[in-house]
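Below: the structure, in structure tokens.
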Amino acid sequence: MAAASTARRPPPDPSARAPPGGRPLHLHAAVERTPPCRGGPARRAPFHRKAPHARHTRRGAGDPARTGRDQRRAARPAESGTPTQPETRGIELIDESSRRGRPGALFWVWAAPNASFLTFTMGAVMIAVLGLSLVQAFIVIAAASVGWILTGIIAVSGPAAGTSGSVISRAMYGVLGNRLVVGLYGWLLAAVYLSLTWSAASINGLGLLGRMGLAQTATLGVVVVLVVSGLTVLVAVYGHGLILKTYPYITNFLVVMFVITSLFMIPHFDFSHAPAEPLGGMHLAMMMTIGFTMLVSTPVSFINSPDMARYLPKETPGWRVAAATALGGALPGIVFTSVGALIATGAGFDMVLDPMGAFDAGLPGWFFPLFTIAVIVAAIALNAMTTYSASMALQALGIPIRRIPSALIIAVIGTALTIVSVAIYDFTTAVSQMLQVIVVAAGPLMAVFVADVLMRRGRYDGVDLLDASPSSSFWYRKGWNLAGLLSLVLGGVASAMCLNSEVYVGPVAAATGLDLSIPAGLVIAAGSYVLLSRTRLTAHVA
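Using the numbering used here, the first residue of the sequence shown is number -6, and each one after it goes up by one.
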């Protein structure tokens, strides 16, 4: 009896038990049991080898071991994009089967573009241009980093709606009103920031080629701009899948390179630095508010944070999305902007007219080319995200165009602006002026978005948002939501009145000397939107 109970049986034939359609049952479903042994429970018959699992079989056409998920993925086009396939999906709704990822991945997505040459340069401006002390500069840098909380808050709407931020903003301005806002603000911000970071990459690329013995000509400058913009567009075309896969590696590379850079520059830091003419009273307040405006304009301009989060599952906790986004942008910004301020204290360093020359003088000759490559990589990482979001903004205008051709159009515009910027203005001056003026648009736009997310408690219906017909819940009055548009205008006016820049000085700024454009634009725009929309949004959330 004992021998009979332990006799081995041949493995079962999976095809004999396959359901209609030919796919064999899972291994555990095909297990057979031996008859009960005397005095003991039934036990499983041992197999000589395991039944084939779909995961270990070749995924070819007609393969019976292919799982249902594999078949559905093969049937769908590569809408979501992969590291090896371009992303064809634009503003279209992302269904649950295409949702993936964890919110922690957003930290790397936002850290990569914020570990950049621009952060070094803006830190230097606090010392070399505004005349702040190191302590005063550090206070301004820390205060401006709070702006990343706003960027994190609006990112919550991405997983909730499953579509682009340029479509989600229909909830604030109406279907037709949103086209006006996206056309003016979305494209304006995208083109300016493409030009901004491409200018940094191009100037550094020219410097690197100059060290290799190439003559600095206008033609060479155009070629460098075209190469940098071409690489940027390539990343934007492959889209979300490539960004999520590669940005963790890019971030680690940039952090390592810039930390090494900082270590090499430490001997040139003057920790006892004091301004030649110490600031005090209203003059100090004026310079600190101007510096705050310049630095905080970066996070408040990133209204595209929902785009990077929209593939996350709908049930992803909002606080995790917000925290990963905010920390990813803030931490490298704080560190490397502070390092830039310290570099500006070095004797003989001109971080205003020749920022690259300061690094050339302070870094070993063998490391400087590596630093230059890191600067270019950071610029490409930032502009790839900007181009990616701008490609969907054009679709949100109602123009019948696919995402990839749309990305090419915005790239052409940004490239033209970059060539003009490199040819006419020195980099630091151009950066300072653009960052100071751009808040007139970016601050109120961010404020209305944040107010809407908070009032709706992060709840958005992607299907309804993508409905551009008069039956849409977001058609409002003939396609326009006057509450959102009026709030945006009021915030913009308040911001312009308080702006104190080399390009324009508002009446409030002229009277006080302070630059309160950011807080004024945020408070007026958000407050107006809450007051004008409170009744309607309260009923909607309820």
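Every residue, glycine too, gets a C-beta built ideally from N, C-alpha and C.
For residue i, write down the residues that DSSP places opposite it in a beta bridge.
i, result
"V498", "N493"
"W473", "R470"
Going along the chain, which residues of its own chain have a beta-carbon closer than 8 Å to the beta-carbon of residue i, five neighbours each way excluded?
i, result
"L87", "Before going on, a small fix: residue 87 reads as Ile here, not Leu. If we look at I87 and ignore the five residues flanking it on each side, its Cβ neighbours are S73, G155, T156, R303, Y304 and G455."
"V433", "G485, S488, A489, L492, S510 and G514"
"V248", "A104, A108 and P325"
"R470", "G167"
"Y453", "S150, A153, A154, I161 and A164"
"A502", "M490, C491, L492, N493, D508, L509 and S510"
So which of the options has the shortest CA-CA distance to residue i?
i, options, result
"P152", "M301, S488 and V175", "M301"
"V332", "P79, A135 and G83", "A135"
"A334", "A117, F467 and A319", "A117"
"I392", "T330, L169, V482 and T77", "L169"
"N197", "G179, I142, V218 and Y178", "V218"
"W191", "A98, T379 and I84", "T379"
"Y381", "T365, I402 and T330", "I402"
"A98", "L143, A319, L173 and V228", "A319"
"T81", "A404, G472 and S399", "S399"
"V174", "E85, N474, R529 and P260", "N474"
"G407", "F113, M115, A148 and A183", "A183"
"L478", "A351, S464, D343 and Y178", "Y178"
"M258", "A354, F285, T114 and R396", "A354"
"F360", "L256, H261, F262 and D343", "L256"
"F246", "F364, G499 and E89", "F364"
"L143", "L346, P348 and F295", "F295"
"G176", "A137, I253 and L390", "L390"
"L346", "S90, V496, R92 and M115", "M115"
"L189", "V228, A404, P362 and G83", "A404"
"V496", "L227, P260, G83 and I283", "I283"
"T112", "V498, F251, M385 and L207", "F251"
"G341", "M281, F262, S91 and I132", "F262"
"A121", "V220, A351, W180 and F467", "A351"
"L356", "T254, A130 and E270", "T254"
"P260", "I336, V226, E270 and V220", "I336"
Would you call residue i buried or exposed, if buried means 16 or more other Cβ atoms sit within 10 Å of its Cβ?
i, result
"F264", "exposed"
"A267", "exposed"
"M275", "exposed"
"A383", "buried"
"S298", "buried"
"M205", "exposed"
"T330", "buried"
"G273", "exposed"
"G358", "exposed"
"V368", "buried"
"T528", "exposed"
"S138", "buried"
"T338", "buried"
"S222", "buried"
"T77", "exposed"
"A211", "exposed"
"L207", "exposed"
"P45", "The pLDDT assigned to P45 is 43, lower than 50, so where the model puts this residue is not dependable; a value taken from the coordinates is nonetheless given after this. Looking at its Cβ environment, which holds fewer than 16 other Cβ atoms inside 10 Å, P45 is exposed."
"A476", "buried"
Give every residue of the same chain whose Cβ lies closer than 7 Å to the Cβ of residue i, excluding the five residues on either side of it in the sequence, and list them in chain order.
i, result
"P96", "L305, T309, R313, V314 and A317"
"S480", "V441, A518, S521, Y522 and L525"
"Q209", "L199 and G203"
"G94", "L237, Y304 and L305"
"I394", "L387 and Q388"
"W101", "Y240, P241, T244 and G321"
"G140", "V289, P292 and V293"
"V149", "G311, V314, A315, V446 and G451"
"P437", "L481, G484, G485, S488, G514 and A518"
"G232", "G74, P79, E80 and Y381"
"R230", "Per the sequence shown, the amino acid found at residue 230 is Val instead of Arg. Answer for V230: P79, I397 and A400, listed in chain order."
"M349", "I196, N197 and G200"
With a threshold of 6 Å on Cβ separation, who are the neighbours of residue i within its own chain once the five nearest residues in sequence on each side are excluded?
i, result
"S109", "A371"
"A9", "Reliability fails at A9, whose pLDDT of 43 lies under 50, so the model's placement of it is uncertain and the value that follows must be treated cautiously. Hits under 6 Å: none found."
"I146", "A315, V443 and V446"
Is residue i near the ligand SAM, with its Cβ less than 8 Å from a heavy atom?
i, result
"L447", "As for the ligand SAM, it is missing from this structure, which has no ligand bound."
Would residue i count as contacting chain D if we go by Cβ distances under 9 Å?
i, result
"V216", "Among the chains of the structure shown, chain D does not appear; only one protein chain is present."
(message) Assess contact between the segment 230 to 249 and the segment 361 to 376, defined as three or more Cβ pairs (one per stretch) separated by less than 8 Å. Is contact present?
(response) yes
(message) Would the segment 319 to 328 count as touching the segment 103 to 112 if we require 3 or more Cβ pairs under 8 Å?
(response) yes
(message) Whether or not the segment 157 to 175 and the segment 458 to 471 are in contact is what I'm after, with contact meaning three or more pairs of Cβ atoms, one per stretch, closer than 8 Å; do they touch?
(response) yes
(message) Does the contact criterion of 3 or more C-beta pairs under 8 Å hold for the segment 272 to 286 versus the segment 120 to 129?
(response) yes
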